[in-house]
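Q: Here the numbering used here is used: the first residue of the sequence shown is 14, the next is one more, and so on.
Shown below is the structure under consideration.
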Amino acid sequence: MQALRKKYVLMGVVLALVVTVLSACGGESKGETKGEAKEEKKAETRIVSTINGDVEIPAEPKRIVALYYHHLLFAFDMKPVGANLTWWGGSPFLKDLESDGIIDVGGPPSLEKVAELDPDLIIMNSNNTEDYDQFAKIAPSVLIPYNPDNSAYDDAKLLADILGKPDAGEQLLTRFEEKAKAAREKLHQKVDENAKVAIIRIEGKGSQFSIFGYNYGRGGWSVYKGLNLKMPARIEKELNDQKAQFVPQLSIELLPEYVADADYILVSNEGEGMDAITNSETWKTISAVKNNKAIELDGKQYFYFDPISIEAQLDLITNLLLENS
Numbered sequence: 014m015q016a017l018r019k020k021y022v023l024m025g026v027v028l029a030l031v032v033t034v035l036s037a038c039g040g041e042s043k044g045e046t047k048g049e050a051k052e053e054k055k056a057e058t059r060i061v062s063t064i065n066g067d068v069e070i071p072a073e074p075k076r077i078v079a080l081y082y083h084h085l086l087f088a089f090d091m092k093p094v095g096a097n098l099t100w101w102g103g104s105p106f107l108k109d110l111e112s113d114g115i116i117d118v119g120g121p122p123s124l125e126k127v128a129e130l131d132p133d134l135i136i137m138n139s140n141n142t143e144d145y146d147q148f149a150k151i152a153p154s155v156l157i158p159y160n161p162d163n164s165a166y167d168d169a170k171l172l173a174d175i176l177g178k179p180d181a182g183e184q185l186l187t188r189f190e191e192k193a194k195a196a197r198e199k200l201h202q203k204v205d206e207n208a209k210v211a212i213i214r215i216e217g218k219g220s221q222f223s224i225f226g227y228n229y230g231r232g233g234w235s236v237y238k239g240l241n242l243k244m245p246a247r248i249e250k251e252l253n254d255q256k257a258q259f260v261p262q263l264s265i266e267l268l269p270e271y272v273a274d275a276d277y278i279l280v281s282n283e284g285e286g287m288d289a290i291t292n293s294e295t296w297k298t299i300s301a302v303k304n305n306k307a308i309e310l311d312g313k314q315y316f317y318f319d320p321i322s323i324e325a326q327l328d329l330i331t332n333l334l335l336e337n338s
């Protein structure tokens with residue numbers, strides 16, 4: 014009798030182990046091997062290396078909150094459930110996308126609003142460094158450090174890799190380059206391919222100005238990287254000397270020196286436009302001004318620096334150059 018009792022106990026233990034194994038496998042289908050089940054489970058998440066160490070994220074996130082970079086998600090045809098629209102929102106070329114059911118989590122972003130959205134991935138940049146640990150408690154969080162040397166397309170490639178879409182970033186750049194080639198063909202024979210274009214902003218009630226390169230919005234990428242037009246020599250030297258793409262608060266008396274060889278001057282109106290200096294003798298002495306080649310840009314259209322806005326800016330600038338040539 015004792016031997017029989019031991020036999021039943023042993024059978025009961027074996028049965029319990031079998032049930033436990035089946036439960037751990039998530040109820041495999043009959044034709045599914047244990048190895049296949051494990052591979053399927055692994056495919057649900059990915060490990061990405063970040064500045065904060067390895068982070069396990071969903072292989073296909075469905076509820077992304079973008080504290081930054083939501084404009085890149087739009088370019089990938091991905092829609093976040095929430096984003097910091099307070100700080101980055103405003104591009105007229107993203108307006109319809111931003112208003113399509115996306116919750117503004119604020120700037121600085123609200124932990125409570127983010128948590129309410131039940132995200133499965135949070136994307137952020139250096140602005141959120143101090144709050145990273147708190148957001149990481151809500152959902153897997155990836156911080157992409159701000160790098161002033163990165164273009165919008167460099168950032169797109171980084172984010173695409175994180176999201177497991179390695180070709181998406183490169184495809185954006187390829188699309189822009191194809192569009193830029195078509196724009197250059199439109200300008201052919203009307204605008205000299207070696208024409209020099211200055212991009213500036215008026216400041217200090219007309220007492221100062223800023224200069225911009227190709228990597229700081231204001232249409233610079235479209236002008237210098239898309240249309241392949243040149244910078245005036247003095248502007249190029251200043252940007253190189255400063256190792257920057259933006260130099261502000263230059264005395265307006267120096268403007269003729271900076272744009273002496275400019276064929277066109279693009280003035281980004283961000284509160285102050287050409288009317289602030291139109292009547293000044295300094296402005297009247299500039300060659301491009303005398304030739305009616307000074308063009309004012311609506312700052313609201315040209316401030317932003319994301320793939321969708323850049324493509325739209327390329328079209329606008331191409332048409333402006335045609336109209337003023």
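For glycine and all other residues, C-beta sits at the position ideal for the given N, C-alpha and C.
Given the structure is predicted, the values throughout are model-derived calculations rather than measurements.
Of the choices Ser123, Leu156, Leu85 and Ala88, whose alpha-carbon is the least far from that of Thr99?
A: Out of Ser123, Leu156, Leu85 and Ala88, Ser123 has the C-alpha closest to the C-alpha of Thr99.
Q: Measure the alpha-carbon distance for Ile212 versus Ile224 and round it to whole angstroms.
A: C-alpha separation (whole angstroms): 6 Å.
Q: Would you kindly work out how many angstroms separate the C-alpha atoms of Leu310 and Pro153, rounded to a whole number?
A: Whole-angstrom Cα-Cα distance: 41 Å.
Q: By Cβ distance, which residues of its chain are closer than 8 Å to Asp67, with the 5 residues on each side in sequence left out?
A: Once the five neighbours on either side are set aside, the close Cβ partners of Asp67 are Ile60 and Val61.
Q: Nearest to Gly284 by alpha carbon, out of Ile70, Thr295 and Lys218?
A: That would be Lys218, whose Cα lies nearest to the Cα of Gly284.
Q: Distance, Cα to Cα, Asn228 vs Asp113?
A: Their backbone Cα atoms lie some 29 Å apart in a straight line.
Q: Going by beta-carbon coordinates alone, are His84 and Asp319 separated by less than 7 Å?
A: Against a cut-off of 7 Å, the Cβ pair of Asp319 and His84 comes out as a contact.
Q: Identify, in the order they occur along the chain, each residue of the same chain with its Cβ nearer than 6 Å to the Cβ of Gly44, setting aside the five sequence neighbours on each side.
A: With a pLDDT of 45 at Gly44, under the threshold of 50, the modelled position of this residue cannot be trusted; read the value that follows with caution. Correct list: empty, nothing qualifies.
Q: Given Lys150, which residues of its chain have a CB within under 7 Å of its CB, disregarding the five upstream and five downstream residues?
A: There are no such residues.
Q: At the level of alpha carbons, what is the spacing between Gly270 and Ala257?
A: Residue identity check: residue 270 is Glu in the sequence provided, not Gly. Those two C-alpha atoms are separated by around 19 Å.
Q: Considering only C-alpha positions, which residue in the set Asn141, Glu198, Pro158 and Val302 is nearest to Leu240?
A: Closest option to Leu240, Cα to Cα, is Glu198.
Q: Report the option in Asp328, Leu242, Ser220 and Leu335 whose CA atom is closest to the CA atom of Thr295.
A: Ranking the options by Cα distance to Thr295, first place goes to Ser220.
Q: Which one of Ala165, Ile136, Gly95 and Ile299 has the shortest CA to CA distance from Ile70?
A: Nearest of Ala165, Ile136, Gly95 and Ile299 to Ile70, Cα basis: Ile136.
Q: Within 10 Å of its beta-carbon, does Asn253 have 16 or more other beta-carbons around it, so buried, or fewer, so exposed?
A: By the neighbour-count rule (16 or more Cβ atoms within 10 Å), Asn253 is not buried but exposed.
Q: With C-beta atoms as the reference, is Leu327 less than 7 Å away from Ser264?
A: Taking 7 Å as the Cβ cut-off, Leu327 and Ser264 do not qualify as a contacting pair.
Q: Look at the alpha carbon of Phe87 and the alpha carbon of Leu110, and state the distance between them as a whole number of angstroms.
A: Each residue's Cα considered, the two are about 7 Å apart.
Q: What residues in its chain sit with their C-beta under 8 Å from that of Met244, if we drop five residues either side in the sequence?
A: Around Met244: Lys209, Val210, Ala211, Gly226, Tyr237 and Leu252.
Q: Enumerate in chain order the residues of its own chain whose CB-to-CB distance from Phe316 is below 6 Å, with the five nearest sequence positions on each side excluded.
A: Taken in chain order, the residues that qualify are Gly230.
Q: So, helix, strand or coil for Gly219, using DSSP?
A: Gly219 falls in the helix class under three-state DSSP.
Q: Determine the closest residue to Ala72 out of Ile278, Asp174, Asn332 and Ile290, with distance taken between C-alpha atoms.
A: Of the candidates Ile278, Asp174, Asn332 and Ile290, the one whose C-alpha sits nearest the C-alpha of Ala72 is Asp174.
Q: Rounded to the nearest angstrom, what separates Leu107 and Asp205 at their Cα positions?
A: Answer to the nearest angstrom: the Cα atoms are 32 Å apart.
Q: Would you identify the three-state DSSP class for Arg197, choosing helix, strand or coil?
A: Of the three classes helix, strand and coil, the one that applies to Arg197 here is helix, per DSSP.
Q: What does a CB cutoff of less than 7 Å around Ile290 pick up in its chain, not counting 5 residues either side in sequence?
A: Here the set comprises Ile215, Gly219, Ile265 and Trp296.
Q: Taking Cβ to Cβ, would you say Leu156 is nearer than 7 Å to Tyr145?
A: Taking 7 Å as the Cβ cut-off, Leu156 and Tyr145 qualify as a contacting pair.
Q: Select from Pro105, Asp90, Arg76 and Ser338 the residue whose C-alpha is nearest the C-alpha of Ala96.
A: When only C-alpha atoms are compared, the closest one is Arg76.
Q: Could you spell out where the alpha helix (DSSP H) holding Phe87 opens and where it closes?
A: Residues His83 to Ala88.
Q: Enumerate, from N- to C-terminal direction, the unbroken alpha helix (DSSP H) stretches of 4 or more residues contained entirely within the stretch 83–143.
A: 83–88, 98–101, 108–111 and 124–129, all fully within the stretch 83–143.
Q: Expressed to the nearest angstrom, what Euclidean distance is found between the alpha-carbon atoms of Tyr159 and Gly120?
A: C-alpha separation (whole angstroms): 17 Å.
Q: Taking the alpha carbon of Lys192 as the reference point, which residue from Leu335, Leu334, Ile321 and Leu333 has its own alpha carbon closest?
A: Looking at the Cα atoms, Ile321 is the closest of the given residues.
Q: Quick check on the DSSP output: what are the complete beta strand (DSSP E) runs of length 3 or more inside the stretch 234–309, in order along the chain?
A: You should have 259–264 and 277–282.
Q: Along the chain, where does the alpha helix (DSSP H) that runs through Glu336 open and close?
A: That run of the alpha helix (DSSP H) goes Pro320 to Glu336.
Q: Is Ile178 helix, strand or coil when you go by DSSP?
A: Note on residue identity: the sequence assigns Lys, not Ile, to residue 178. Of the three classes helix, strand and coil, the one that applies to Lys178 here is coil, per DSSP.
Q: Apart from the five residues just before and just after Ala182, which ones in its own chain have a Cβ nearer than 6 Å to its Cβ?
A: Residue identity differs from the one stated: residue 182 is Gly in this sequence, not Ala. These residues qualify, in order along the chain: Ala169, Lys170 and Ala173.
Q: Can you find the residues in the same chain that come closer than 7 Å, C-beta to C-beta, to Gly312, ignoring five residues on each side of it along the sequence?
A: Correct list, in chain order: Ser281, Asn282 and Glu283.
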